[in-house]
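For what it's worth, my numbering labels the leading residue of the sequence shown as 4, then goes sequentially.
The structure appears below as structure tokens.
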Amino acid sequence: MIKNYFLAATRHLFKNKGYTIVNALGLSVGLACFAMVSLWIKDELSFDRFHNKASRIYRVSSTFTDESGKFDQAITCIPLAPALKADLPEIEDAVRIDINDAVVQRDDKKFNEPDILGVDPSFLKIFSFQLLKGNASTALNEPYTILISRSMAKKYFGDKDPVGESLKIYQYDPDGQGAEFKITGVIEDCPLNAHFHYNFLFSFKTIESVDPKGFGYDGWFNNSYYTYILLHPEANADQLSKKLDAFLEKYIGNDMKKYKIRWSYFLQPLTRIHLESHLRYEIEPAGNTTYVIVFGSIATIALLLACINYINLSTAFSSSRFKEVGVRKVLGAVGNQLVRQYLTESWIVAILSLLLAFVWMELTRPLFEGLTGRAVTNLYTFETIGSVFIITSVVGILAGIYPAIVLSSFRPVNALKGKSQSSISGAWLRKALVVFQYTVTMILIAGIFVIQLQMKFIRERDLGFNKENLYILNVNGSAEVHAGFDAFANDLMANPIITGVARSNAFIAGGLGNRTATFTDVTGKKINGTIYTNGIDHEYISTYGMKLIAGRNFKEGNADSAALIINEMTTKVYGYKTPQDAIGSEVLFGDTKMEIIGVVKDFNSNSLHNTIEPTCLYLFREGFSRIAVRLNHDTEQGTTLVNTLWKKHFPNSIADFSFASERLQKAYIAEERFSRIFFLFSFISLSIACLGLFSLVSYTVETRFKEIGIRKILGASTWRIVEMVSQEFLVLVAIAAAIGIPISYYCMNQWLMDFAYRVKLQPFAFIIAAGIVLIIACLTVGLRVLKAALLNPVDSLRSE
4 MIKNYFLAAT RHLFKNKGYT IVNALGLSVG LACFAMVSLW IKDELSFDRF HNKASRIYRV
64 SSTFTDESGK FDQAITCIPL APALKADLPE IEDAVRIDIN DAVVQRDDKK FNEPDILGVD
124 PSFLKIFSFQ LLKGNASTAL NEPYTILISR SMAKKYFGDK DPVGESLKIY QYDPDGQGAE
184 FKITGVIEDC PLNAHFHYNF LFSFKTIESV DPKGFGYDGW FNNSYYTYIL LHPEANADQL
244 SKKLDAFLEK YIGNDMKKYK IRWSYFLQPL TRIHLESHLR YEIEPAGNTT YVIVFGSIAT
304 IALLLACINY INLSTAFSSS RFKEVGVRKV LGAVGNQLVR QYLTESWIVA ILSLLLAFVW
364 MELTRPLFEG LTGRAVTNLY TFETIGSVFI ITSVVGILAG IYPAIVLSSF RPVNALKGKS
424 QSSISGAWLR KALVVFQYTV TMILIAGIFV IQLQMKFIRE RDLGFNKENL YILNVNGSAE
484 VHAGFDAFAN DLMANPIITG VARSNAFIAG GLGNRTATFT DVTGKKINGT IYTNGIDHEY
544 ISTYGMKLIA GRNFKEGNAD SAALIINEMT TKVYGYKTPQ DAIGSEVLFG DTKMEIIGVV
604 KDFNSNSLHN TIEPTCLYLF REGFSRIAVR LNHDTEQGTT LVNTLWKKHF PNSIADFSFA
664 SERLQKAYIA EERFSRIFFL FSFISLSIAC LGLFSLVSYT VETRFKEIGI RKILGASTWR
724 IVEMVSQEFL VLVAIAAAIG IPISYYCMNQ WLMDFAYRVK LQPFAFIIAA GIVLIIACLT
784 VGLRVLKAAL LNPVDSLRSE
């Protein structure tokens with residue numbers, strides 16, 4: 004019997020190739036979307052779970068509060084980890100991590116390498132990273148010892164064993180000439196699904212040997228490091244959290260009262276950092292729970308839309324099988340047998356769709372990886388194939404139940420006459436499904452418009468400085484650059500292509516460090532608060548195109564070594580009625596007195612996700628880390644000149660340059676990816692929705708062939724018939740737009756709330772989205788109805 008089901012089903016599917024292909028194609032797209040996104044979601048949820056002790060590992064993060072407000076940050080101070088381990092019995096071990104980028108050199112090989120981490124020896128005990136060579140208990144005990152990842156070992160040493168060899172790293176080198184780090188082991192490359200990554204791990208003792216004072220009492224006020232703890236198996240994290248305030252009070256309670264500031268610590272479970280933590284100074288850009296939910300929902304909806312299409316298409320073409328149903332019933336077939344027959348057909352189409360889905364996945368894998376920024380893994384594992392096969396089988400059976408029941412319920416006499424018995428409820432079901440499809444499509448297309456408007460707003464917003472044609476050069480700690488800067492700058496400025504050269508301690512929009520300070524407002528009241536800082540030279544403001552709105556710029560030389568230039572936000576937060584009121588005011592950084600000499604227009608020192616913070620600029624006293632070069636409109640010739648002069652003046656230093664606009668864009672990589680993926684899913688959703696509408700139109704046309712023929716004989720024009728049949732479908736699309744517009748408005752308004760500075764939602768975005776959906780629906784309906792209306796009415800009315 005089963006064999007007969009398969010033979011009959013296969014014959015019917017081959018006989019109706021067009022129907023089979025359309026059905027399989029629609030379902031395969033839905034399956035491919037669902038499978039690819041499911042793998043991505045699984046990867047997102049797997050972050051940091053590969054550690055054997057992951058459930059007991061927590062990051063210690065902090066909340067800082069002063070008279071100007073408070074904020075949360077991922078960084079803490081140097082003495083915290085050893086003090087926590089010594090004082091709190093719940094803690095089994097603790098580790099500090101210092102994140103660096105630096106130039107690494109071996110012989111004539113020199114590269115600017117990211118992810119160079121300073122760590123305590125306990126790093127290898129707490130985390131489950133595999134040490135391939137070396138002794139885990141001693142590898143990081145001494146200053147200037149380092150572990151190198153397997154890929155870095157291959158890069159610098161080829162097939163040679165690197166243990167015992169040395170690398171020169173331009174980091175924690177007091178003379179700026181690079182320091183020799185002895186390689187004590189090789190560690191496996193960091194898994195991709197970790198919330199931080201490494202290429203090199205050097206001993207934390209190195210930092211102490213360079214700055215021993217920072218490990219004493221002063222270190223409690225230097226929050227620049229990351230702290231992780233491992234709890235004992237029986238310890239309770241909530242109970243431990245309650246002890247942290249008293250713990251901190253013991254060490255710096257008096258100073259917090261004296262300066263009217265407060266730190267408090269909180270614990271973050273390791274496995275929740277990637278998706279849920281969005282603190283200041285995160286090690287790497289975090290994931291987003293909202294995006295996981297959104298894309299998971301969209302992938303599920305895409306699969307659901309494909310199933311809806313399957314139902315509608317199967318129902319639409321069921322009229323062609325009336326005679327088959329009648330003959331089978333006359334010959335003795337019962338309803339259950341017919342249901343099994345048509346469910347078998349549905350399952351076969353689903354399996355064909357599955358095979359086609361894997362073809363789609365393989366073809367679109369590079370596109371998907373480019374959109375998400377992550378490699379698609381575990382696609383052909385037994386778990387993945389088995390899961391998708393089960394889902395496909397369930398989808399095939401469930402999607403085929405309704406058409407199977409409809410077909411098997413036809414009466415033999417009516418079936419042999421070609422009469423349909425579809426109920427009013429069935430018609431309403433099909434129409435409701437189409438409304439659902441187009442509602443989803445309307446929401447996605449409206450989302451595209453809003454996302455694009457926000458990205459346009461980001462690109463065009465006045466950041467308080469001119470980001471165009473601003474070339475940023477990384478110094479990477481090179482003593483050669485520090486010593487030869489003046490000659491380099493003079494050669495640049497001698498060419499009219501270059502209009503400005505300036506130095507600083509940080510790139511203005513790359514995130515700045517902060518310090519506590521005491522301000523005196525116009526009433527004489529002293530206010531303790533936090534201010535972001537950046538060391539600059541006297542050419543900085545003009546090179547960046549900042550606007551002074553009060554006071555003056557720095558003078559050349561050291562005359563203004565105790566002077567500050569602040570931004571507008573500082574005047575608002577610290578009690579100055581106007582920018583001019585701040586000029587001449589005194590600011591205390593500990594015991595160091597500084598005087599405000601100027602106020603610049605507000606500028607963004609972070610992405611537009613964050614509000615503008617109080618910020619001050621001062622003349623740097625020693626080294627600098629960035630050089631900014633302002634080019635004229637001929638950027639290609641300008642960058643060539645900069646590269647040429649760099650090689651001339653600094654032959655031993657790496658050329659590490661990029662435009663400011665490119666660096667700024669990196670802050671919005673997640674939004675750019677979200678935008679592209681949203682566009683892709685909207686296109687897929689619209690295609691599937693059009694296929695669903697096509698199926699419903701086809702079904703209606705099939706059942707109204709004779710009516711159309713009669714109307715043509717009675718004189719109805721082709722366009723009148725098109726209008727008549729199309730009207731009811733366009734009403735469905737209009738209903739979908741009416742439902743989708745408020746839902747899309749709410750959803751996109753929630754998304755925009757993540758930005759401190761955002762575009763105002765405009766009605767035209769939703770009107771245009773509805774118009775696009777309506778136009779495409781008109782084309783889909785009109786072309787199918789037009790084809791039916793152009794048929795010869797004799798063919799429609801011929802007796803069968």
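Idealized CB from N, CA, C, for every residue including glycine.
Just so we're clear, the structure is a prediction, and the values are computed from it rather than from any experiment.
Residue i, enclosing beta strand (DSSP E) - first and last residue
i	result
residue 182	182 to 190
residue 112	112 to 122
residue 379	Here residue 379 belongs to no beta strand (DSSP E), and DSSP marks it neither H nor E.
residue 487	Not the beta strand (DSSP E): residue 487 falls in the alpha helix (DSSP H), residues 482 to 496.
residue 229	226 to 234
residue 72	72 to 76
residue 505	501 to 507
Selection from the options that minimises the alpha carbon distance to residue i
i	options	result
residue 557	281, 370, 543 and 465	543
residue 688	448, 364 and 548	448
residue 632	234, 503, 257 and 106	503
residue 190	307, 126 and 741	126
residue 742	722, 358 and 773	773
residue 285	670, 722 and 402	670
residue 561	624, 101, 192 and 303	624
residue 241	93, 105, 111 and 24	93
residue 106	97, 119 and 96	119
residue 238	95, 314, 579 and 115	95
residue 133	117, 121, 116 and 151	151
residue 690	714, 437 and 715	437
residue 262	592, 225, 465 and 403	592
residue 682	453, 102 and 517	453
Own chain partners of residue i with C-beta closer than 8 angstroms, once the 5 adjacent residues on each side are dropped
i	result
residue 529	521, 522 and 523
residue 194	53
residue 555	600 and 601
residue 748	449, 764 and 769
residue 603	467, 544, 549, 550, 551, 552, 568, 569, 570, 571 and 620
Contacts around residue i, its chain only, beta-carbon distance under 6 angstroms, and the 5 residues preceding and following it disregarded
i	result
residue 377	none
residue 407	342, 345 and 346
residue 784	700, 729 and 732
residue 124	143 and 144
residue 744	769
residue 541	557 and 559
Opposing strand residues paired with residue i [DSSP bridges]
i	result
residue 272	61
residue 666	DSSP lists no partner for residue 666.
residue 589	598
residue 128	Paired residues: none, contrary to the question.
residue 69	72
Own chain residues within Cβ distance below 7 angstroms of residue i, not counting five before or after
i	result
residue 211	218
residue 661	475
residue 776	441, 444, 445, 448, 736 and 740
residue 2	Limits of the chain in this structure are 4 at one end and 803 at the other, which puts residue 2 out of reach.
residue 428	Confidence at residue 428 is low in this model, with a pLDDT of 42, below 50, so its placement is unreliable and the value that follows should be read with caution. There are no such residues.
residue 725	785, 788, 789 and 792
residue 27	352, 355, 356 and 359
Opening and closing residue of the alpha helix (DSSP H) in which residue i lies
i	result
residue 108	Not the alpha helix (DSSP H): residue 108 falls in the beta strand (DSSP E), residues 94 to 109.
residue 752	721 to 755
residue 86	83 to 90
residue 153	153 to 160
residue 643	638 to 652
residue 554	Unbroken run through residue 554 is the beta strand (DSSP E), 551 to 554; no alpha helix (DSSP H).
### Query
Per the contact definition of three or more C-beta pairs closer than 8 angstroms, is the stretch 263 to 281 in contact with the stretch 39 to 53?
yes
### Query
Does the count of Cβ pairs from the stretch 67 to 83 and the stretch 233 to 246 closer than 8 angstroms reach three?
no
#### Entry: the stretch 129 to 149 touching the stretch 195 to 210, judged by at least three CB pairs closer than 8 angstroms
yes
#### Entry: Three CB pairs or more closer than 8 angstroms across the stretch 291 to 309 and the stretch 70 to 78
no
### Query
Does the stretch 614 to 621 come close enough to the stretch 531 to 540 to have 3 or more Cβ pairs within less than 8 angstroms?
yes
### Query
Quick check: the stretch 482 to 493 against the stretch 648 to 664, are there 3 or more CB pairs under 8 angstroms?
yes
### Query
If we count Cβ pairs, one from each stretch, closer than 8 angstroms, do we get three or more for the stretch 673 to 692 versus the stretch 447 to 463?
yes
### Query
Counting pairs of Cβ atoms below 8 angstroms between the stretch 167 to 185 and the stretch 348 to 368, do you hit three or more?
no
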